[in-house]
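The structure appears below as structure tokens.
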Amino acid sequence: MSQVHTIEVQEHGFDEIYTVHAEQNGAGWIGWIQELPEVNCERKTKEELLKVLEIELHERLEVYKAEAEVWDRQFEEDAKAGKFERFAKEALADFQAGKCKDI
Numbered sequence: 001m002s003q004v005h006t007i008e009v010q011e012h013g014f015d016e017i018y019t020v021h022a023e024q025n026g027a028g029w030i031g032w033i034q035e036l037p038e039v040n041c042e043r044k045t046k047e048e049l050l051k052v053l054e055i056e057l058h059e060r061l062e063v064y065k066a067e068a069e070v071w072d073r074q075f076e077e078d079a080k081a082g083k084f085e086r087f088a089k090e091a092l093a094d095f096q097a098g099k100c101k102d103i
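Residue numbers 1 to 103, in this note's numbering, belong to the letters of the sequence shown in order.
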């Protein structure tokens, strides 16, 4: 295996910069996104590898975004339904009992 090439990629629509690691592996190239190691692939050329990684990164981020939106909606529904009231009362009681400390 050869030296690892590190390339930073800014994904459009997201404020993060992602790091691509690419290295030659025999006649081809392997690569992955450091921050999302599940985004990885192997291709014949470095250019093809980078293109595929960028596409897969975008697809993965869209999935994460959709999952976060579902979680946010569920959280809001639970809050409106009063499902967190018990925790707020417990926290207030702990605070009033002096069980909390400044951090």
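Glycine included, each C-beta is placed from N, C-alpha and C at the ideal position.
Keeping to the same chain, check which residues put their C-beta closer than 7 Å to that of E35; ignore five residues upstream and five downstream. Cβ-Cβ distances below 7 Å link E35 to Y18 and T19 in the same chain, with the five nearest sequence neighbours on each side left out; the list follows chain order.
Keeping to the same chain, check which residues put their C-beta closer than 8 Å to that of K83; ignore five residues upstream and five downstream. Once the five neighbours on either side are set aside, K83 has no close Cβ partner at all.
At the level of alpha carbons, what is the spacing between F95 and F87? Distance between the alpha carbons of F95 and F87 is about 12 Å.
Whole angstroms is fine: what's the gap from E76's alpha carbon to T6's? Using only the alpha carbons, I get a separation of about 40 Å.
Measure how close the beta-carbons of V39 and I33 come, nearest whole angstrom, since I'm counting them as under 8 Å. A Cβ-Cβ separation of about 4 Å places V39 in contact with I33 under the 8 Å criterion.
Which value, in whole angstroms, describes the spacing of the CA atoms of A79 and V70? The straight-line gap from Cα to Cα measures roughly 14 Å.
Just to confirm my understanding: we take V63, look at its own chain, exclude 5 residues before and 5 after, and list those with CB closer than 8 Å. What are they? Cβ contact annotation for V63 (same chain, cutoff 8 Å, sequence separation greater than five): none.
Output the distance between the C-alpha atoms of M1 and H21, rounded to the nearest integer angstrom. Any reading at M1 is ruled out, since the residue's pLDDT is 48, under 50, leaving its predicted position unreliable.
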